[in-house]
Each structure stands twice: as C-alpha cells, then as structure tokens.
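Data block below; observations after.
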Amino acid sequence: LRHIQSVLQQCPEPSRQLLDYGCGSGRYGLPLAQEKNLIIHAYDVCDEAIDRLRQRLQETVASQTIHIINESEVLAAKGCYDVALLLFGVLSHIPEPEERQQVLRTLGNGLKPDRGRLILSVPNVKRRFLQVQKHQRHPAGDIQYQRQYRGQALHFFYHLYDRGGVVAELQAAGFQVEHLVAESILPESWLCHRPYLRGLDRCLQLCLPVDWGYGFLVTARYRHHASGGK
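Here it is, written out as structure tokens:
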C-alpha cells in the first residue's frame with residue numbers, strides 16, 4: 001500500500017480518482033478508502049467477490065468512497081483516472097496474450113493523459129510454482145494450478161513473468177515503464193500471516209536483485225499519443 005499511496009500523493013487534489021481492476025473483496029480498496037479526496041471505482045469479474053465487497057462496504061464508511069462499477073463502465077472510461085491498479089496477479093489469470101493486451105490498453109485509455117499511472121503486480125517465473133512448472137508442458141510461463149475451496153477442487157490458469165517479459169508486454173500495449181521493483185522477497189503468505197517479517201522483507205529488497213523478487217511491482221505511464229488513446 002505504501003507505494004500506491006506515494007503515487008497518489010503526486011496526484012493533484014481534490015479530484016483524485018482510482019480504478020481498482022480485479023478488486024476482489026476489497027484487499028486494496030478498503031485500506032485506500034481512508035485516503036482524503038479520493039474516489040475509488042472497483043471492478044471484478046467474480047460475482048462472489050463483488051458480493052463480499054458489498055457486504056463489507058455496509059459495515060464501513062468506505063461506502064462513500066468506493067463505487068462498484070461494471071464492465072461497460074470500465075470500457076467507457078476515457079482519461080478519467082489518476083491511478084489504475086492491476087494487482088495480486090490479476091493480469092496473470094488471463095490466458096490469451098491478446099486478451100491481456102486488450103485489458104492493458106483499456107486501462108491505459110482510462111488514465112488521465114500524462115499524469116495517470118498504472119500500478120501492476122505479477123508473479124516471478126523464477127520464484128513461483130517451480131514444481132508445477134517442472135511437471136507441466138505448457139508454453140513458457142503458462143501453468144495450471146489447483147486450489148481447494150469449500151471442499152471443491154478449483155483449477156486456475158496463471159501466467160508467470162520474468163522481468164523482461166512484463167516490460168515487453170507493457171510496451172506492446174503502449175506503456176512506458178517508470179519503476180520496477182520486487183514486490184517482496186519473502187513469500188506473500190508469510191508477510192500476510194506474520195507481519196513482523198515485513199521489516200525484514202524491506203531490508204532484503206534493498207540488498208537483493210530485483211530478479212529475486214517473489215513478484216514484480218511496476219509503475220507505468222500510458223503513451224496516449226502513440227496508441228490513439230486520446
């Protein structure tokens with residue numbers, strides 16, 4: 001959240017707007033709703049996640065800040081947002097490269113020209129699902145994995161990135177990468193369940209190469225003039 005907040009601080013008030021694409025049940029949106037002079041538009045393809053977010057919004061004053069929108073509203077937004085979030089591997093769950101490009105271009109067109117920024121996080125192919133990669137024969141970076149949910153086995157697609165891959169995909173969609181760091185060095189589940197490790201992780205990020213990251217955290221600017229976004 002600190003990186004998102006630092007990017008938001010560079011945006012002029014009082015009309016800051018943020019799109020949380022793949023918002024889930026409010027993992028990032030709810031904490032960010034405490035920011036002053038910020039309107040958050042939340043979108044997710046998962047109805048269950050949106051229902052959970054609606055329930056959580058009823059329990060907090062964040063309902064005045066977070067507005068749930070649908071796909072047509074995402075597509076219609078042109079030059080509206082100071083920041084667009086595409087976090088927690090949301091992009092990686094999209095199977096086809098052209099579909100990922102379309103999502104990136106849609107978000108780019110929704111950003112305010114010049115000052116709008118995309119904040120993206122993706123998993124590192126060198127750190128994630130190593131055993132799964134070893135035993136599957138999919139195109140480079142593509143895997144299928146399984147999770148148990150309420151007694152059922154759910155199967156997911158996931159695209160894993162190296163640093164060059166995420167930069168190339170963003171550039172192909174019309175973005176210029178401004179900032180790329182390790183999202184974390186330690187596994188995310190450790191940091192979620194053991195907050196005392198977060199200080200250690202920040203120190204490790206300062207000492208170790210970006211390619212050692214559990215994932216990559218990227219900030220990018222959309223080149224509207226190059227892609228017809230205006």
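The working numbering applies: residue 1 is where the sequence shown begins, and numbers increase by one.
Note that beta-carbon positions come from the ideal geometry of N, C-alpha and C, so glycine has one too.
- 7 Å CB neighbourhood of E13 in its chain, flanking five on each side removed: Taken in chain order, the residues that qualify are N37.
- Message: With DSSP as the reference, identify every bridge partner of A220, one or two as the case may be.
- Response: By DSSP's assignment, A220 forms a beta bridge with L118 and V177.
- Message: I'd like to know if the region 141–155 and the region 192–206 are in contact, where contact means that at least 3 CB-CB pairs between them fall below 8 Å.
- Response: No, the region 141–155 does not touch the region 192–206.
- Message: With the cut-off set at 8 Å, would you say H67 and I39 are in Cβ contact?
- Response: Result yes, Cβ atoms of H67 and I39 sit closer than 8 Å.
- Query: L232 to F175, Cα distance in whole Å?
  - Reply: For the chain, the structure presents residues 1 to 230; residue 232 sits outside this window and is missing.
- Would you list, in sequence order, the uninterrupted alpha helix (DSSP H) runs of no fewer than 4 residues that lie entirely inside the region 145–204? Listed in chain order, they are 163–172 and 188–193.
- P123 to R54 span [Cα, whole Å]: Using only the alpha carbons, I get a separation of about 28 Å.
- Message: Relative to the C-alpha of S121, which candidate in E98, L170, A153 and Q10 has its C-alpha closest?
- Response: Selected option, being the one with the closest Cα: L170.
- Message: Let's test the definition: count the other Cβ atoms within 10 Å of the Cβ of N109 and tell me whether it reaches 16, buried, or not, exposed.
- Response: Within a 10 Å sphere around the beta-carbon of N109 sit 16 or more other beta-carbons, which makes this residue buried.
- Query: Out of curiosity, what's the CA-to-CA distance linking S92 and L191?
  - Reply: Rounded to whole angstroms, S92 to L191 spans 21 Å at the Cα level.
- For the alpha helix (DSSP H) that contains A76, what are its first and last residues? Unbroken alpha helix (DSSP H) run through A76: E71 to A76.
- Where does G24 fall in DSSP's three states? DSSP places G24 outside both helix and strand once states are collapsed to three, so it counts as coil.
- Query: Among residues of its own chain, excluding the 5 on either side of K126, which ones have a beta-carbon nearer than 6 Å to its beta-carbon?
  - Reply: Closer than 6 Å at the Cβ level, and outside the excluded window around K126, lies no residue.
- Going straight from the alpha carbon of V218 to that of H138, what length do you get? Rounded to whole angstroms, the separation of the alpha carbons of H138 and V218 is 26 Å.
- Message: What does the alpha-carbon distance come out to for the pair V177 and R198?
- Response: Distance between the alpha carbons of V177 and R198: 26 Å.
- Could you give the distance in angstroms between the alpha-carbon of E188 and the alpha-carbon of C80? Rounded to the nearest angstrom, the two C-alpha atoms are 31 Å apart.
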